[in-house]
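For reference, the structure is listed below as C-alpha cells.
Chains as they are written, first to last, in this note's numbering: chain Y, 3 to 408; chain L, 5 to 298; chain V, 237 to 497.
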C-alpha cells in the first residue's frame, strides 16, 4: 500500500511540477531511479528523502530561481530495468531540463551505460555505488568523466577495514582473513584490489566464498570458512533487505562465534541490525554518511527538521535511506546552484560545477570542505553495531580515505 | 574426515526439515491427487502466522506454536474449501493448475501485507549446540531436526493409530469408495489439507529460525519438489528418505564440489539426483508402481 | 419404499445416460434391474445414493424419493447415515491397502458406537472366510473374498436398503451360488435389496420383482416369475432361444419395432 501511494504521489508530483513549468526552462529535472521492488528490497525512505528535499528546495524559490524536480522510478534493483528507465528519461525529457542523474544504485548500470553517456549524452550521474571500477584507481575522472560518487570507493572502504584489522589484531601471527561476496558486479567489484592490498599489509586471505543474493541457506559456505579458521571475515556485495544477509549473520554467529565480521557501506545500516537481530551485535563496518541519531551534526539537524515539518514518520529501517536521499538531493541541488551561478546551466555546466566546486555538504562533515576533483567524497567512518541500542556507534572519527590509505 | 562428518550431519538435520515439508505435499497428493505448487507460500505464511503469535504478541513458545500452526491449519482448510472442493469430479490436473495460480496470488498478497524486508526470527529455545572437538552443530540446526522429526512422528501416529487416520487412509485411496460407506469424504479432504498445511508451516518455522523470514523464504519450498519426486509422490516414508537424500547431497555438494569453482551447484544437484532416480525407478524410490496395460 | 420418477441423468452436461426412468423398490423385497453393458444400471445406482457429482453427473429432471422424501440434492454421506441406503459399487470396492479388519472399521466410521466390534464379529460369522483373513491386506484377497468383504462392509453401515452393483461379476459359479444364498438370507432378515445384474439366472432366482433397462430406458417390468418366462428376456438375457429360431437378420435389435408392454 505504501509503495503504491508513494508511486502515485511521485507521479502526480512530477507531472504537476514539470507540466506547470513545461514552457519555461525554469525547472531542472533530476532523474532518480530507486529500488522499490525486486531482490534489493524497497527503499521507501530514499524516495521520501528526494521528495522532501525537493519540497524544501522549491519552497525557498528553487535553486537561484530554478525549481528542482526529481523523477523517481522503480528500478527493481535490476540492471535491465534501470537501463530502460534511464534511456526512456533521456529520450523523453528535453536536454535543457534533464541535467543530472542521481542515485543509480546498481554498479552494473553504470558500466553498461558508460559508453553511451561518455560519447553521446554527456549527463553527469551521482551514483550510490562506490564502485571501484568507476571511481577507483583504474577508473576515475579520466575514464568516467560523468560519474560521481558520494563516498570512498569500495576498495578504499575495504582498505580502511584492513587497517582496522591490523590495529585490532593482537596475536603474533599474521591475521587470517576470509572474504565473502555476492556473485554480482557489485559484489565482485573490489576483489582484485583487495587481493593486492591485503598481502601488502601482511594479511593473509584464507577463504573466499560466494553467496548468491537469493540464497536462503549458506551453511555450506560457512562451514567452508570455518575449515579455514580465519581471524576476521570481510563481507561485501549485499544489501540489508536481501534475505541472505541475516541468514549469513545468523549462520556465521552459530558456527564462528568469535570471528568479527566487517562490512562495507551498504552492510552497515540500521536495517541490518533489525533483520539480523542478536546476530548483528558486534558487526563492524564502514559508513560514509551520518546516522539518524547524530543530532548535533548540522546536516542531520536539517534533515530532522524538514522531516518533522512534513510530518514524516519513518520506520527505523527507512531512516538510513532517508538520509541518503537528502544527501544526494542536496548535492544535486548544489551542483545546479554552482552551474547557474557560473551562467552555464547545461549538462556540461553541471558536470563542471560538480568537479570544480568545493562544498561542505551542508555541514555533514563537520566543517570540512572538499573538492570533487576525484569525483568522490573521501570521508568515512568505522562503526560498530550495538543490538541493545539498535544502532551503529562510530569507533573512529571521520577518516579521510585519501590520506589514510597512502 | 571431520569435515565430511560436519557436512554430512548438517545435511541430515536440514534433510529432516525437508522431509517434513515433503510429508505435507505427499499427504495432499494422496488425498487430492494434486501437486501443491503453492508449497513455498504455505511455508512463509505458516511461519508468519507463528511470527505474529510468538514475536508480535510475545506468547511463550509452547503456546504460540499450537496457535500459529492452528491458524495455518485453518488457512489450509480455507484453501481447500475455496479452491479444491469446487473442482471435485474434474480432472486432477485442474487442481494442480489451481495451486499454481494460488501460489502467485499468495506471493503477491504476502509481499503486499508483510513487505519484502526480512524479519528477524530467532526462537528462544534452550541451547542444544553440540560441540565435539572441531565439529559443531549449532542449536537452531539441531532444533530444526528434532522438531521436524517430532512432527513427522506425530503425523504418522495420527494416521496409523487413530480412527480418523484410518479414514484418511481410506479416503486417500479412493474417494468414491469412501463416499459409498458414508464417510464424509469432503470433510476428510479438508482435514488432510489442514494437517498438510500444519506440516508445511512447522517446516517453515524451523527453516526461518535458521536465518530470517521474508517473502524470499518461499524459494525453499521449491526444494520440496525433488524431495517427493525422488521418494515417490504418494509415499510417506519416501518423503523422509527423499528429504534426507536431498539434504545430505546438498550439504556435501556445498562442501566438496562448490569449492572446485561450481558456485551455486548445490541448488542444482537435487534435480540431477532426481533425474537419476527417475531413470532407475520412475515412480520414485518408494512410490506405488502403477500397473498399466498398454 | 424407494421410488425413482422420470429420472433423466447426464454426464459432463452433454452425455445423456438415463432418459426418463421410473421404478419402485418395495420394502422387504429383492428388486432386480437387468441390462446389458452401458444400459445405465450403474448410473441409476449412483443417482440414488448421491454419488453423481463425483463423476461429474447431474440429475436434470425427475426425482429420487424415499417414502416421499426427495433425495436429489442430498450429500452421499447424509444418504448413508440418515436414510440408511448403502451402495456397494461395482468391481468390489474394498480399500486395498487396509486389512480386512481395518476395512470393516473404516466402513463403520459414520456410525461409530459401542456396537461396532460385535458387529464386526457378526460379519465374520456371516462370511466365515473373512475371519481367517482378518489381517490380510484387502488387495490380496480373491474376487469372491473381496465381494464378501464388500457386502460385509456395507452391512457395517447398518443399512435398510442395500444397492448391489453386479456382485456376481467375474466370480466362479459356485461362489455366485453361495453369494446369492447369503443375499437371500439377508433379505429374509428384513433387508431391502436393489440388485443390478447381468447374470439374469441368479438374479431372477432370488428376486421378487424385476426391471429390464436398455439404453437408458426401462423396457420391461414385472414379477420375477413372469420375467423368467418372457420370450425376449429368455432370448437376450438367459441365452435360451425358442424352438422357432428366428433368422439372424431379424434378430438384430435395432430392427425391432415391437413396443414393450
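Just so it is clear, CB atoms sit at the ideal spot from N, CA and C, and this is done for glycine as well.
- Residue contact check for residue 181 (chain L) against chain V: a CB pair falls below 7 angstroms.
- Any Cβ of chain L closer than 7 angstroms to the Cβ of residue 227 (chain Y) would place that residue at the interface, and such an atom is absent.
- Residues of the region 138-168 of chain L with a C-beta less than 8 angstroms from any C-beta of chain Y: 140, 142, 143, 144, 145, listed in chain order.
- Scanning Y:145, Y:327, Y:383 for the CA closest to the CA of residue 304 (chain Y) turns up Y:327.
- As computed with DSSP, residue 352 (chain Y) is found in no beta bridge at all.
- Contact annotation for residue 269 (chain Y) against chain L: no contact, minimum CB-CB distance about 14 angstroms [criterion: below 9 angstroms].
- Just measuring C-alpha positions, the residue of L:27, L:15, L:17, L:16 sitting nearest residue 225 (chain L) is L:27.
- Within a 10 Å sphere around the beta-carbon of residue 167 (chain Y) sit 16 or more other beta-carbons, which makes this residue buried.
- Under the 7 angstroms criterion on CB atoms, residue 317 (chain V) is classed as interfacial with respect to chain L.
- For the 7 angstroms CB-CB criterion, residue 133 (chain Y) and residue 109 (chain Y) form a contact.
- Residue range 149-151 is occupied by the beta strand (DSSP E) that includes residue 151 (chain Y).
- Taking C-beta atoms as the reference points, residue 206 (chain Y) and residue 162 (chain Y) fail to come closer than 7 angstroms.
- Using a Cβ distance threshold of 7 angstroms, residue 284 (chain V) and residue 300 (chain V) count as a contacting pair.
- If only complete runs of 3 or more residues are kept, the region 102-130 of chain Y shows the beta strand (DSSP E) at 127-129, in order along the chain.
- Listed in chain order, the non-local C-beta contacts of residue 329 (chain V) below 7 angstroms within the same chain comprise 386, local neighbours out to five positions each way being set aside.
- Distances from the CA of residue 215 (chain Y) to each of L:223, L:133, L:212 were compared; the closest alpha carbon is that of L:223.
- Taking 7 angstroms as the CB threshold, residue 185 (chain L) lines the interface with chain V.
- Comparing C-alpha distances from residue 147 (chain L) to each of L:30, L:208, L:118 shows the shortest one belongs to L:208.
- Look at residue 131 (chain L) here: in three-state DSSP terms it is coil, with no helix or strand label.
- In this structure, the straight-line span from the alpha carbon of residue 279 (chain V) to that of residue 331 (chain V) is close to 22 angstroms.
- Counting every other CB atom within 10 Å of its CB across the protein chains shown gives residue 376 (chain V) a total below 16, marking it as exposed.
- Chain-order list of chain V residues neighbouring residue 171 (chain L): 342, 345, by C-beta distance under 7 angstroms.
- The shortest C-alpha to C-alpha distance from residue 293 (chain V) to any of V:354, V:250, V:442, V:431 is the one to V:250.
- For residue 122 (chain L), the nearest CB of chain Y lies under 7 angstroms from its own CB, placing it at the interface with that chain.
- Taking a C-beta cut-off of 9 angstroms against chain L, the contacting residues of the region 286-307 of chain V are 286, 287, 288, 289, 290, 291, 292, 293, listed in chain order.
- Among the residues of the region 45-57 of chain L, none has a Cβ less than 7 angstroms away from any Cβ of chain Y.
- Comparing alpha-carbon positions, the option among L:57, L:278, L:292 lying closest to residue 247 (chain L) turns out to be L:278.
- Only exposed fits residue 375 (chain Y), as fewer than 16 other CB atoms lie within 10 angstroms of its CB.
- When the beta-carbon positions are compared, residue 28 (chain Y) and residue 99 (chain Y) stay at least 7 angstroms from each other.
- Per DSSP, the beta bridge partners of residue 393 (chain Y) are Y:388.
- Against chain L, a Cβ distance below 8 angstroms from residue 334 (chain V) picks out 170, 173, 174, 177.
- Around residue 226 (chain Y), the same chain offers 209, 211 as residues with beta carbons nearer than 8 angstroms, after the five sequence neighbours per side are excluded.
- Contact annotation: in the region 393-420 of chain V, residues whose CB is within less than 7 angstroms of a CB in chain L are 393.
- Ranked by Cα distance from residue 245 (chain Y), the first of L:121, L:68, L:37 is L:121.
- Look at residue 383 (chain V): its C-beta is not under 7 angstroms from any C-beta on chain L.
- With a 10 Å radius around the Cβ and a threshold of 16 neighbouring Cβ atoms, residue 152 (chain L) comes out buried.
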